[in-house]
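Student: In the working numbering, the protein residues as written are 1060 to 1195.
The structure under discussion is supplied below as structure tokens; questions concerning it will follow.
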Amino acid sequence: MSKALALDYGSARTGVAVSDPTGTLARPLCVVAKVGGERGMAELCAIIDREAPEVVVVGLPLTLRGERGPQAVETEAFIARLRSRCRIPILTEDERLTTSIARRMPTTSRRRSTTSDDSQAAAVLLQTFLDRRGRE
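Below is the structure:
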């Protein structure tokens, strides 16, 4: 197992979560605004460089039927841009229901002030990925 970073992509806000160095536990990290623009993409790449994960996992928003809709197509375009800027593997993970799970999670007011539903959703996505990878 190794360190991983997850992204819950959104055109306005992208949630970021990171694992511990052993790739066991995920935690919300931050939110980056407008990663589709140069400033947002540069900020995201700086975070990836600083955290130095061995893999980046991006949530793929499939429909409830498991099909690719317009949001999944937009996310795949974002992934292509990110791949052109990063030299580490970028994988996708089904993110259905991660935001609704994150919104139902208990949180303290202190933690709520430093994270958001977007970074919480990225942490849920990453923990799912880490748990599945640990079983394989």
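For every residue, glycine included, the Cβ atom is placed at its ideal position computed from N, Cα and C.
Where do the N-terminal and C-terminal ends of the beta strand (DSSP E) with Ala1071 fall, by residue?
Tutor: Looking at the DSSP string, Ala1071 is not in any beta strand (DSSP E), and its letter there is neither H nor E.
Student: What residues are listed by DSSP as bridge partners for Pro1087?
Tutor: For Pro1087, which the question treats as bridged, DSSP gives the partners Ala1076.
Student: Roughly how many whole angstroms lie between the Cα atoms of Glu1097 and Thr1122?
Tutor: Straight-line Cα distance between these residues: approximately 29 Å.
Student: Could you give the DSSP three-state label for Arg1170: helix, strand or coil?
Tutor: Because the pLDDT of Arg1170 is 48, which lies under 50, any placement of that residue in the model is unreliable, and the number read from its coordinates should be weighed accordingly. Note: Arg1170 maps to helix in three-state DSSP.
Student: When the Cα atoms are used, what is the spatial distance from Thr1167 to Leu1184?
Tutor: At Thr1167, the pLDDT of 42 sits below 50, so the modelled position is not reliable; the number obtained from the coordinates is stated separately. When rounded, the distance between both Cα atoms is 20 Å.
Student: Whose C-alpha, out of Gly1125, Leu1189, Glu1195, Ala1131, is nearest the C-alpha of Val1115?
Tutor: For the residues Gly1125, Leu1189, Glu1195, Ala1131, the minimum Cα distance to Val1115 belongs to Leu1189.
Student: What number of angstroms, rounded off, separates the C-alpha of Leu1084 from the C-alpha of Arg1155?
Tutor: Rounded to the nearest angstrom, the two C-alpha atoms are 20 Å apart.
Student: So for Gly1118, helix, strand or coil by DSSP?
Tutor: Looking at Gly1118 - three-state DSSP - the assignment turns out to be strand.
Student: Within 10 Å of its beta-carbon, does Ser1061 have 16 or more other beta-carbons around it, so buried, or fewer, so exposed?
Tutor: By the neighbour-count rule (16 or more Cβ atoms within 10 Å), Ser1061 is not buried but exposed.
Student: By Cβ distance, which residues of its chain are closer than 7 Å to Gly1102, with the 5 residues on each side in sequence left out?
Tutor: The sequence shown places Glu at residue 1102, rather than the Gly named in the question. Excluding sequence neighbours, Glu1102 sits near Val1091.
Student: Could you please give the first and the last residue of the uninterrupted beta strand (DSSP E) stretch that includes Thr1151?
Tutor: Thr1151 -> beta strand (DSSP E) spans 1149-1153.
Student: Alpha carbon to alpha carbon, what distance is there between Glu1113 and Val1075?
Tutor: Val1075 and Glu1113: Cα-Cα distance of roughly 15 Å.
Student: Hey, would you say Pro1087 sits closer than 8 Å to Ser1143, going by beta carbons?
Tutor: Not in contact: Pro1087 and Ser1143 (Cβ atoms no closer than 8 Å).
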